[in-house]
Structure formats: structure tokens, C-alpha cells
Amino acid sequence: MLANLPIEIHNEILSYLPRLTLLQYQLVCRQWSEPARRAFYRNIYLSSTKRFSRLFDLIRTRPSIGLMAKQLETHFPGWDRESKVAGFSKSYLELAKLTPNMERIIRLSATVILDIVKEGYWTQLHQLDLLCEQTKTDEYYELVLLLCKQLSSVSLNASHLSNSVKQGSDLTYLSWMTQSARFDKATELICSDLTGQSIQVLDAIVNLFPSVKEVTLESASFEENASQLSPFEPSQYVKKLTLYFDRLTRNHIEYIFDKFPKADQVFLVWRQMHNPFIFDYLISRLQGMGCIGLSIWNDNFILKSICAFIEMPFKNRKNFSYATKLGIRCIRRASGSVFTSLNIGPPSNEDIDFTSEEGKTLLKEVNELVLFDWVLRDFDLLNCCSQLTRLKIEKGEVENDIGELGDSFYCASITDLELRDGICSTESLHTIAQGLPNLKNIVIYNEVLYPQQGDADANKLVIDLSSTSIASLKISHRYSFSQKNTYIKLTTEDRTACYRVHDYLFYKIALEEYMQVGQNRVRIDLTCRSIKTLSLDFHPKFAHYTFE
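Per UniProt numbering, the very first residue in the sequence shown carries number 1; after that it's consecutive.
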């Protein structure tokens, strides 16, 4: 049946898979092999000169691989300096010759791209990232003029175009571009480094994109005053706005919403919010939007404004999110007035009391709870979430004496537990798991799971989940799995089995061999009711084992 699917369906399915899985799929069957191979080489990421050389040698010996490449992202320290070396630049030109179907370039300097385009290569480029700062402005400008008619997605650095004066002229490069360049086919614009620029500069850049539908602006803040807010030509086709700002004023908000009157999806990260009156004005302009995402990185937020935003009626209510850096994040369900996903930072005086009647109402239908930088001392908050299915504790700590609460925590609905970048004793993990009778999937990522009291063996990780039937257990531990051999003792209801993990493979060994392993070796003593899959992180990839 797979062989009868068109190639477009193959590519769409495989585009969601990680690169390691794509390699594995090449070995499954003939029908999967070729589509997986194409998907693997479609996107190329180069993080070092060594990887560049290996890729170059591979494509030179197997030209068919070069024909599959569609996206190239190059980012490693010093590569900009090396690109000026004649031999290195020549290698890039030859690589471009061998990858004629390249469509998207990310983090490559305008100098290198300009040399390649002038030689007649990469004629199919339609997405270009020009956010790189280490480039000459005249080359930057020349490249923009060469490609402006064919690009559909462009990332620009505003300071390159507005702060530099074109040689032999009193005009900036941006002024020259407004007279000679238009990105007629571009539907997406990403503009960075607007800090210190005037509203006129931003407006001039946006006007270069008459057909743009998605706009992303990244800046600490751009300069504005009331006199600059003269009538601007609205950008009628923009439907989606993504904004990253440190500071916003009423004039900023007026310009953004007047410039993009048809925008129906707005995602705003506001990193320094101090004036609640500006916030009130913002939410008044957001009414009627179909899809809204708002993140405010400031713990000086007023509870009254939080409640006003929560109750604000939004059209469609497709995806509503709200955040504070040290407060709350929630995603509002498509139809309803309560949270379905909640991210809570460390408690502060401005946080909602979730144990109150009002708080319990807000948590009534939460199915995903993330506790960020949170010290979990009791189960009061968790007991408010009667329909919780996913619990994540990130960069937090589970206090050891939480086990003294015994069976005061019970949530039959939770199936997924994730502990990430925090501190938790193995005893506390056991206590939490006891209150989750239907727990199936567990992720322990860089978690400091310190041993039980009296156990001084630092290389032995004891995980007691005796009340849990595990479908998937994934462990990415900060120290444990750097050695060549890791030993595992698995105890379930019906058996005890031991394994040695070497080169990403599991080998079954006798219990006697496991007992003789010295304390200098990493050992995992895992007890559970049953388990299907165990994954261990041996950087840079995981070792997976499915138990029969």
C-alpha cells in the first residue's frame, strides 16, 4: 500500500521524523528506503568545518545526494572568517554547483551567497535568512537587489540597511532600496535589530513587501514619538503577526495595529511590562482576534489585569496563551472559559491562590500542568486538577519530606510524568508514582535523582516504580551514561533480568555478572510492575530497548 502513495505524501509523513529515525527507516524496506533517504538529505545543518568537509566529500563522491538538498544551515564559530579564505570559498562554490535544487539558506553570510549567485548557482532560492551581522553592507544590498524578485520568505537585519550610507551618495541603502527593489513574491518577512530605528525605517522596510502575509519583528524597542505617527499606508494582506519587544508604548501599539489592520493572529512576547494602563490598551486592541498568544516576562504583573485578560471575550478562542516569566502561562481551549494547559512559575505575592474556590474553578478542566522553577512541598495544587493527564516539573525541586504525606495525593487521570533539569530524591519519585495508578510514560531529563538515604554509591541509580506499569521510560541523565558500559537490573512482577548496554545495544547478562560489577560502573536498579520500552541517553543519541 505504501508503494502506491504519491511522493508528496511520503515527504509529508517523513518531515515530522527526527534525523536518527530517518536513518533507521532507510533500513526498513525498499518502499521506505528511498523516501527516507531523500528526507534525510533534504535539510543540511553544518556546525563545524569538519562536518562541512565530510559533507563536501560525500556529495562529491555521490552527486545524487546533492540533488536532494533543499535547505542549508551553516553555523559554527569562526566560519565567517574561514569563508574568506580562497580554498574555503572555492569549496562553497563547488558545493553550490553540486546542490542545484537548494531553496532555503540560513545563517550564511551575504558575502558567500553573493559569490555563489553571481556564478549562476542556487537559482531556485526562495527563502533567505540575512540576519547574519558579519557582512559588508554593500554586498548585503547587492544580494538583496539580485534576489528580491524570486524570494518568498526573507529575514532582514534593519541596521544593515538604515545605518549605512551608499558609497558616492548621501542616501542610506534603505532609501536606495525603496526606489529600486520590491519583494513582489515574498509572503513572509522577519526583521531584526530594530533597536534605535524610527517607525519610518520599519515602515519603509515593510513597504518593500507589498504581498506579505506573515510578519515577525524582533527588537528591544524602536524609536517613536507622536509626530512620527503620520498616516501610513496599511499593509492589507498581513494575517499573522509575531512580535518580540522589550518595551511597548501606546504609540507602538497604535502603529502596529493601524499598519496591519487585517491581522487576525497575533503572537506577542513583551519582555518588560511595567505600565498596566498600556496593557489595558493592548487587550482592547486585541479584541476580535481569532488567534492570540501573549507572553509577558515580568513578575510585577497586577492580578486585576490577569483576571481581566482571562475573561476577555475573543473571537473563535482558538489558541489563547498568557505568561509571566515568574508567573502563569495558560492556553485557553477552543470553546470554554477555563484553562486546559497551565504553566506555573515559582509562587509570588501576585500569583493566584489555586487552592481557593476561584482557583479550583480555573483548574477544573486542566489536562496539562507544568511547574517551572517550583519547590513542590505538598500536593495541594495537584489535588485541584481532577482531569490532569500530563504533569511536568521543570527546573524545580521535589522536597524529600513530601513522602511523609503518604497517600494524600491521588490522581487516576495522569498518564504522563516528566521531570526535567531539577532535583528529586528516588524516594520522592516513588511517592509521586504511588499516587498515579495509571501512569504510563515517564521522562527523566537531566534530573538530579539523588539516592536513598544511607546509599553512598554515586554511580548507582535506584528507581522504585513498583506500583507502575510503564509503557515508556526515557532517561537522559547528566552524568550516568558517559561510559562505554552501563548495567541494568530490571525487577518486575514476573521476572528479574539484567542487561549490559554497550554501543547503543542491550545485551542480556546473568544476575551473577551484574552483582560482580564494581562501584566505578554505572548501574540502574529499576523496579516496576511491568515495562515495554526503556530509552537511555548515550550522547549524542539514545539507546532503545523493547522488552518482550
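Don't be surprised by glycine CBs; every beta carbon is placed ideally from N, CA and C.
Of the candidates TRP270, PHE257 and GLN272, PHE257 places its Cα closest to the Cα of LEU286.
Counting along the chain, the unbroken alpha helix (DSSP H) around GLN200 starts and ends at 199 to 207. Under the three-state reduction of DSSP output, VAL117 falls in the helix class.
For ASP280, the three-state secondary structure derived from DSSP is helix. The same chain holds no residue with a CB closer than 6 Å to that of ILE432 once the five nearest residues on each side in sequence are set aside.
Take ALA186, set aside five residues on each side of it, and the residues of its chain with a beta-carbon closer than 7 Å to its own are LEU151, SER152, SER153, VAL154, PHE209, SER211 and VAL212, in chain order. The DSSP-derived three-state label of LEU505 is strand. In the three-state reduction of the DSSP assignment, TRP176 falls in the helix class, which pools H, G and I. Pairing THR242 with VAL215 gives a Cβ-Cβ distance under 9 Å. Where LYS240 is concerned, the enclosing beta strand (DSSP E) starts and stops at 240 to 245. Note on geometry: alpha-carbon atoms of ASP193 and ASN43 lie some 27 Å from one another. In terms of CA proximity to PHE232, PHE260 leads the group PHE260, LEU248, LYS239 and LEU156.
Annotation: LEU505 to TYR487 spans about 12 Å, alpha carbon to alpha carbon. Counting along the chain, LEU156 sits inside the beta strand (DSSP E) bounded by residues 153 to 157. Rounded to whole angstroms, MET102 and ARG54 show a C-alpha spacing of 19 Å. In the displayed model, SER235 falls within coil according to three-state DSSP, outside both helix and strand. Here TYR244 is near LEU217, since their CB atoms are less than 9 Å apart. Residue pairing for HIS544: DSSP places it in a beta bridge opposite SER535.
Separation of the CB atoms of LEU429 and ILE463 is rounded to 7 Å, and the pair is thereby assigned contact status at 8 Å. Counting C-beta atoms within 10 angstroms of its own C-beta, ASP537 has 16 or more neighbours from the protein chains shown and is therefore classed as buried. Taken through DSSP and simplified to helix, strand or coil, LEU143 comes out as helix. Assignment of SER386 by DSSP, reduced to helix, strand and coil, places it in the coil class. Bridge pairing for ALA412: absent [DSSP]. Just measuring C-alpha positions, the residue of TYR445, MET68 and LEU417 sitting nearest ASN438 is LEU417. LEU108 carries a coil assignment under DSSP once its states are collapsed to helix, strand and coil. Nearest in C-alpha terms to PHE277, of all of LEU268, ILE253, VAL269 and LYS262, is ILE253.
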